[in-house]
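>
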Amino acid sequence: MDNDAVRADSRLSIGDGEVLSMSRETRDIAAEDVCILIPTLDEAATIGDVIDGFHAEGYTNVFVVDGDSEDDTREIARERGAHVLVQSGDGKGQAVREALEYVNVPYVLMLDGDGTYDPADADRMLEPLSRGYEHVIGNRFADMDDDAMKALNGVGNRLINKSFRFIHGADYDDILSGYRAFTVDSFERLSLDSDGFTIETELAVECVKHGLETTVVPVSYSARPDASETNLHPLKDGGTIILALYTLAKTNNPLFYFGSLGIGGIVSGGIIASYVLWQWIQHGQGHEIMAMVSAAAILLGVQLLMFGVLSDMLVTLHREQRRRLEQITRTDRERDDGK
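One point on numbering: in UniProt numbering, the residue at position 129 of the sequence shown is 129, and numbering is uninterrupted.
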């Protein structure tokens, strides 16, 4: 690591520290109120053009959080006028969480530094925040280059989006998009634990869980330049994302999570019981141990189903109470600001 890079043990001031509360009224968002957040890892081939693109659009408050790149990513970013932080841990998720500790402006526009996202879409991404939305997702499928995504990646993305829609009950079109705009206030209300590429998945789930006003806008998505290599492994990371979708349902949709486990237990127990019964009818052989296992599996499955129903009721009640408290807090804040 270079000595002149900003590290986690020093404080970096990004912006003037003003934090605005959400309002239903349309408001203009000044460029100085926006932090362009770019997590990077070995993006020397593209990071300079990305930063220059945002400068051309009028956004000069660029913050690069780097995963200790082995190339010249940090040096190029500093030469182009960006603030640079070398993250203290590993993974994109950890980088984003750490970077937000240093952001002191109301809005963040986050994207990858690989040159696939267009800085010209910045205004389109930020505009919904001016109308009271708290989180904006850029839909890559709306305007994607033919060679921007491999066929396997495309199939995996659509499968993950359909799974998210089924499990978590929201249609965000492209939950794996790395182009995000959000208010710092809303980000601070989320409970994020992901360290790697599942950060986008966790953000989408947390938006549903916390009832954030979320919208999707079309953005352009280009192929990576030949000199830039992806850090994503489709099969490994895709499996991790699917597992994360299911695991996160534990607190966001417990009826699905525990219900699926319960149904799995009941079905497994039923199959074993059918086998034991068939053996007894056909051959007169008893399988006491297998019968006990079957009964235990069915009983456990029923209990998990009941637990899922009760947990879902508690989550629904807690979610409603939290929304009321947040609404009261916003109302009080707006009243104080109006004085």
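Beta carbons are placed, not taken as given, at the ideal position from N, Cα and C, and that holds for glycine.
1) Taking the alpha helix (DSSP H) that Y275 falls in, what are its first and last residues?
2) Output needed for I266: all residues of its chain with C-beta closer than 6 Å, excluding positions within five of it in sequence on either side, in chain order.
3) Quick one: Cα of T251 to Cα of G138, how far?
4) Out of curiosity, what's the CA-to-CA distance linking A82 and V105?
5) What residue does the beta strand (DSSP E) around T214 start on, and which one ends it?
6) How many angstroms separate the CA atom of C207 from the CA atom of M125?
7) Out of H318, P218, G270, K92, state which residue places its alpha-carbon closest to the alpha-carbon of G67.
8) Is the region 174–181 in contact with the region 138–151, if contact means three or more CB pairs nearer than 8 Å?
9) What residues are listed by DSSP as bridge partners for I38?
10) With a threshold of 16 other CB atoms inside 10 Å of the CB of M313, please say whether the residue is buried or exposed.
11) By DSSP, does L190 sit in helix, in strand, or in coil?
12) So the beta strand (DSSP E) L109 belongs to, where does it begin and stop?
13) Taking the straight line between their C-alpha atoms, what separation do you get for A170 and A204?
14) Starting from A142, follow the beta strand (DSSP E) in both directions and report where the run begins and ends.
15) Once the 5 residues before and after D145 are set aside, which same chain residues still bring their CB inside 7 Å of it?
16) Give the secondary structure of T240 by DSSP, where H, G and I count as helix, E and B as strand, and everything else as coil.
17) Helix, strand or coil for T168? Go by DSSP, reduced to three states.
18) Could you spell out where the alpha helix (DSSP H) holding H55 opens and where it closes?
19) Specify, as a first and last residue, the run of the alpha helix (DSSP H) that A95 falls within.
20) Looking only at DSSP bridge pairs, what is A181 linked to?
21) For the beta strand (DSSP E) that L85 lies in, which residues bound it at each end?
22) By the DSSP assignment, the alpha helix (DSSP H) with K209 in it spans what residues?
23) Only counting the same chain, and skipping five residues up and downstream in sequence, which positions put a Cβ closer than 8 Å to that of L304?
24) Could you please give the first and the last residue of the uninterrupted alpha helix (DSSP H) stretch that includes I76?
25) For the candidate residues Q282, A273, G308, V86, whose alpha-carbon lies nearest to that of A291?
26) Kindly indicate which three-state DSSP category residue 347 falls into: helix, strand or coil?
27) Looking only at DSSP bridge pairs, what is Y117 linked to?
28) Using the rule of at least 16 other Cβ atoms within 10 Å of the residue's Cβ for burial, across every protein chain shown, is E79 buried or exposed?
If we stick to the structure as given:
1) Numbered from 1 along the sequence shown, position 275 holds the residue referred to as residue 275. Per DSSP, Y275 belongs to the alpha helix (DSSP H) from 254–283.
2) Here the question's residue 266 lines up with position 266 in the sequence shown. Sequence-distant Cβ neighbours of I266 in its own chain, meaning closer than 6 Å and more than five residues away, are I298, G301.
3) The residue given as residue 251 occupies position 251 in the sequence shown. The residue given as residue 138 occupies position 138 in the sequence shown. When rounded, the separation of the alpha-carbon atoms in T251 and G138 is 26 Å.
4) Here residue 82 refers to the residue found at position 82 when the sequence shown is read from its first residue. Here residue 105 refers to the residue found at position 105 when the sequence shown is read from its first residue. Computed Cα separation, rounded: 16 Å.
5) For the purposes of this step, residue 214 is taken as the residue at position 214 of the sequence shown. Segment 214–221, the beta strand (DSSP E) holding T214.
6) Locating residue 207 in the sequence shown gives position 207, counting from the first residue. Locating residue 125 in the sequence shown gives position 125, counting from the first residue. Those two C-alpha atoms are separated by around 17 Å.
7) What you label residue 67 is simply residue 67 of the sequence shown in a count that begins at 1. Considering only alpha carbons, the answer is K92.
8) With a cut-off of 8 Å, the region 138–151 and the region 174–181 count as touching, because enough Cβ pairs lie within range.
9) Locating residue 38 in the sequence shown gives position 38, where the first residue counts as 1. DSSP, once it has assigned bridges, lists V64 as partnering I38.
10) Position 313 of the sequence shown, counting from 1, holds the residue named residue 313. Its Cβ having fewer than 16 others within 10 Å, M313 is exposed.
11) Walking along the sequence shown from the start, residue 190 turns up at place 190. Coil at L190, not helix or strand.
12) Here residue 109 corresponds to residue number 109 of the sequence shown, with the count starting at 1. For L109, the uninterrupted beta strand (DSSP E) run begins and ends at 107–110, by DSSP.
13) Mapped onto the sequence shown, residue 170 falls at position 170. Mapped onto the sequence shown, residue 204 falls at position 204. Taking the straight line joining both Cα atoms gives about 9 Å.
14) Locating residue 142 in the sequence shown gives position 142, counting from the first residue. Going by DSSP, A142 is part of the beta strand (DSSP E) stretching over 135–144.
15) The residue labelled residue 145 in the question sits at position 145 within the sequence shown. Y221, S222, A223.
16) One-based indexing of the sequence shown puts residue 240 at position 240. In the structure shown, T240 falls within a helical segment according to DSSP collapsed to helix, strand and coil.
17) Taking the first residue of the sequence shown as 1, we reach residue 168 at position 168. Per the sequence shown, residue 168 should be read as His rather than Thr. Helix.
18) Translated into positions along the sequence shown, residue 55 becomes position 55. Where H55 is concerned, the enclosing alpha helix (DSSP H) stretches over 47–56.
19) As a working mapping, residue 95 is identified with position 95 in the sequence shown. Here the alpha helix (DSSP H) through A95 covers 92–100.
20) Here residue 181 refers to the residue found at position 181 of the sequence shown. A181 pairs with L109, V136.
21) In the sequence shown, residue 85 corresponds to position 85, counting from 1. The continuous beta strand (DSSP E) containing L85 extends over residues 83–86.
22) Here the question's residue 209 lines up with position 209 in the sequence shown. For K209, the enclosing alpha helix (DSSP H) starts and ends at 199–209.
23) Mapped onto the sequence shown, residue 304 falls at position 304. Answer for L304: F258, G259, L261, G262, G265, listed in chain order.
24) Position 76 of the sequence shown holds residue 76. Taken as a continuous stretch (DSSP letters only), the alpha helix (DSSP H) holding I76 covers 73–79.
25) The residue you call residue 291 lines up with position 291 of the sequence shown. Selection Q282, A273, G308, V86 evaluated against A291 yields A273 as nearest (Cα-Cα).
26) Residue 347 cannot be examined here, being either before or after the span of the chain that is shown, 1 to 339.
27) Stepping through the sequence shown from its first residue, residue 117 is reached at position 117. In DSSP, Y117 forms a bridge with Y221.
28) Counted from its first residue, the sequence shown places residue 79 at position 79. Per the 10 Å Cβ criterion, exposed.
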